[in-house]
Amino acid sequence: MISVDALAVEFSGNTLFSDVSFTINANDKIALMGKNGAGKSTMMKIIAGAQKPTKGHVRFPKDAIIAYLPQHLLTEDNMTVFEEASKAFGHVFKMRDEMEAINKALETRTDYESDEYMKLIEQVSDLGEKYYALEDVNYDAEVEKALKGLGFKQEDFARQTSEFSGGWRMRIELAKILLQKPDLILLDEPTNHIDIESVIWLEDFLLNKANAVVVISHDKAFIDNITNRTIEVTMGKIYDYKANYSHYLQLREERRAHQIKAYQEQQKFIADNQAFIDRFKGTYSKTNQVNSRERMLEKLEIIEIDDVDTSALKLRFPKTVRSGDYPVTVKEVSKSYGEHIVFKDASMSISRGEKVCFVGRNGEGKSTMIKAILNEIEVEGECALGHNVQVGYFAQNQAALLDENLTIFQTIDEVAQGDVRKQIKNILGRFMFKGDAIDKKVGVLSGGEKTRLAMVKLLLEPVNLLILDEPTNHLDLKSKDVLKEALQNFDGTLILVSHDRDFLQGLSKKVFEFKDQRVIEHFETIDAFLERNRLESIKAMDL
């Protein structure tokens, strides 16, 4: 059991949270929730030992293993993928090497009665007891399973980690954490850089093989599937629910309703007593009663109502010209890089107003197909955009295209039209740009902030073909809801690449699956597709 006792964190005189206490039990699967800036990541860093609290302690058994995956991380560059992942068993290999070294030393010594010889005997005995008590594991096979489950191919194992992007390095670190089988796994946005199949694999691992887990995530389906407890960080304190995320939302509404009722009753109580004080102040016979009520009101702790954003912000894409009947046509398209075939003889036609999603493991060709459709790369075969097509494209590197000399407000003001211009501040607020932040220059924003701003900009541009490549990676749940509703009401054509199943739900009735150098068309929703493939996918990963 891990105990969090009376934690408090203060920054420049401001209290982030105070007197926070809770315990993490052996098989708890906890979602750490709260608004951006509430202190979720800070609390996770403190539990991981990566940051010190202003007050309080985190207590855990001496031999407990706590593993932490932050949002941003880079592995070393001088290892292969397999070598880096195998570091998860470094402590086991170290014990084995130490035993071998001591046994070799014992073979050459003849001072059997000496204290030094007896110490070596004791050392090798202790090490042997620990080593042989470990479960009999094929470590190479375990590393291979974890890497394949997280999307790596066999041929990737011998490649240097320096050849991979930050997202893929994050997967290597995640593999190391899972292989250690720690007592507590701390995950901060673990699904941002992995595809749907890998998310399903991760869910299965966390549910069936992991001990305690604490996760911060904006992927609603992921946290609903793996958690049995939700801790909400809000207004400097926590609320602890024995419920997954969806059930927690219901319980939170009930809690807030009770708070509102109690607050209203308290305000009436205060008003009644203040009225008595105002009426009888200065009346000699009522002096004691007046003083007593004044003292009581001074000591009264005012009931706070949780700050919940209940504003209804609806965005609709601006009207634009009608496109032709088939905005996208792909006929027998093939793409290779050297000897590596991405896909071969792929064909698809997407009708006006159709909403489709591209799914498949990373590296199977989803983004390559998008580039082919947009004529950004050369391919064999035919890719054509239809008549009057106006494309809105959100790439994973979309943030790089923003003008860094403009402010956040100016960036959106440039594209906003009509009545939307009156809502710019509200729109930016829903995407986590509030108050003075809208006057910041784009150049000083983080990568995640730029990505959110690029998404807001796209939402306000008149297009009839939208192509979105992983649009939700840096959006919180409310921002995703705003975007999803806008897409549901979008009367144009949509191509969506995303690993976020909850976001995909209800947006698409056709799935193009990229797998084994082929593009396969499925006339079904993403839920039906995943349900049909779930057991098959897990079985294929040999789990």
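The numbering of the sequence shown is the UniProt record's numbering, which starts it at 1 and goes up by one. All C-beta atoms in this analysis are idealised placements derived from N, C-alpha and C, irrespective of residue type, glycine included.
Give the DSSP bridge partners of residue i, in chain order.
i: R421; result: The partner list for R421 (beta bridge, DSSP) is empty, contrary to what the question assumes.
i: S336; result: I341
i: A346; result: V333
i: N14; result: F11
i: Y139; result: For Y139, which the question treats as bridged, DSSP gives no partner whatsoever.
i: M33; result: E232
i: D240; result: I231
i: T23; result: S3
i: T283; result: None, per the DSSP bridge assignment.
i: T407; result: K441
i: T358; result: According to the sequence displayed, residue 358 carries Phe and not Thr. According to DSSP, which records beta bridges pairwise, F358 is partnered with V497, F512.
Using DSSP with H/G/I as helix, E/B as strand and the rest coil, what is residue i?
i: A6; result: strand
i: L315; result: coil
i: E232; result: strand
i: H522; result: strand
i: S351; result: coil
i: H57; result: strand
i: I270; result: helix
i: E382; result: strand
i: T310; result: Residue placement at T310 is flagged as unreliable, the pLDDT there being 46, under the threshold of 50; a coordinate-derived value is accordingly withheld.
i: Y393; result: strand
i: I303; result: coil
i: A212; result: strand
i: D156; result: helix
i: D527; result: helix
i: I538; result: Caution applies to I538, whose pLDDT of 42 falls short of 50 and renders its modelled position unreliable; the model cannot decide the point.
i: K52; result: coil
i: V328; result: strand
i: E253; result: helix
i: L187; result: strand
i: K181; result: coil
i: E513; result: strand
i: T320; result: coil
i: V415; result: coil
i: F205; result: helix
i: F222; result: helix
i: F276; result: helix
i: M432; result: coil
i: N533; result: helix
i: S198; result: helix
i: N426; result: helix
i: G149; result: helix
On a Cα-Cα basis, can you pick out the residue from the options that is closest to residue i?
i: L483; options: D403, E376, F317; result: F317
i: A105; options: M79, K87, A384, V124; result: V124
i: H522; options: F358, V456, E414; result: F358
i: N36; options: G236, E332, M99; result: G236
i: D469; options: I495, Q410, N138; result: I495
i: N362; options: A31, G149, A88, G34; result: G149
i: V144; options: A85, N225, E163; result: Note that residue 144 is Glu in the sequence shown here, rather than Val. If we check each option's Cα against that of E144, A85 comes out closest.
i: G418; options: K441, L402, V442, P462; result: P462
i: D80; options: A395, S162, E113; result: Here the sequence assigns Thr to residue 80, which means Asp is not the residue at that position. Taking only the C-alpha atoms, the option nearest T80 is S162.
i: E524; options: E354, L385, V379, A416; result: E354
i: K220; options: K478, R293, K515, I520; result: K478
i: P327; options: E254, G492, I47, Q398; result: G492
i: N405; options: V415, K434, G443; result: G443
i: I520; options: E189, Q289, V511; result: V511
i: S398; options: G447, R96, F409, R501; result: Residue identity differs from the one stated: residue 398 is Gln in this sequence, not Ser. Checking every option, the nearest Cα to that of Q398 belongs to G447.
i: S41; options: H91, E294, M95, I231; result: I231
i: residue 549; options: I526, F82, V420; result: Any property of residue 549 remains undetermined from this structure, which presents the chain solely from 1 to 543.
i: E378; options: L385, D325, T368; result: T368
i: residue 545; options: E265, V391, E203, V389; result: There is simply no residue 545 to check, as the chain begins at 1 and stops at 543 in what is shown.
Throw me the rounded Cβ distance for the residue i and residue j pair, which I believe falls under 8 Å.
i: T407; j: D436; result: That pair is no contact at about 11 Å.
i: L7; j: G56; result: 4 Å
i: C383; j: I373; result: 5 Å
i: H258; j: K480; result: Not really, about 28 Å apart at Cβ, beyond 8 Å.
i: G151; j: I194; result: 6 Å
i: Q488; j: L475; result: Wrong, their Cβ atoms sit about 16 Å apart, outside the cutoff.
i: F394; j: A454; result: 7 Å
i: D156; j: I66; result: The pair is not a contact, with the Cβ atoms about 29 Å apart (cut-off 8 Å).
i: L251; j: Y241; result: 5 Å
i: S347; j: V330; result: 6 Å
i: K366; j: F514; result: 5 Å
i: S349; j: L465; result: About 13 Å separates the two Cβ atoms, so there is no contact after all.
i: I30; j: V214; result: 5 Å
Please find out if some non-hydrogen atom of the ligand MN comes closer than 8 Å to the beta-carbon of residue i.
i: G151; result: What this structure holds is no ligand at all, so the ligand MN is not there to describe.
Any alpha helix (DSSP H) of 4 or more consecutive residues that is wholly inside the stretch 62-133
Taken in chain order, the unbroken stretches of alpha helix (DSSP H) that lie wholly in the stretch 62-133 and span 4 residues or more are 81-86, 90-108, 115-133.
Alpha helix (DSSP H) segments (min. 4 residues) lying fully within the stretch 449-511:
477-488, 501-504
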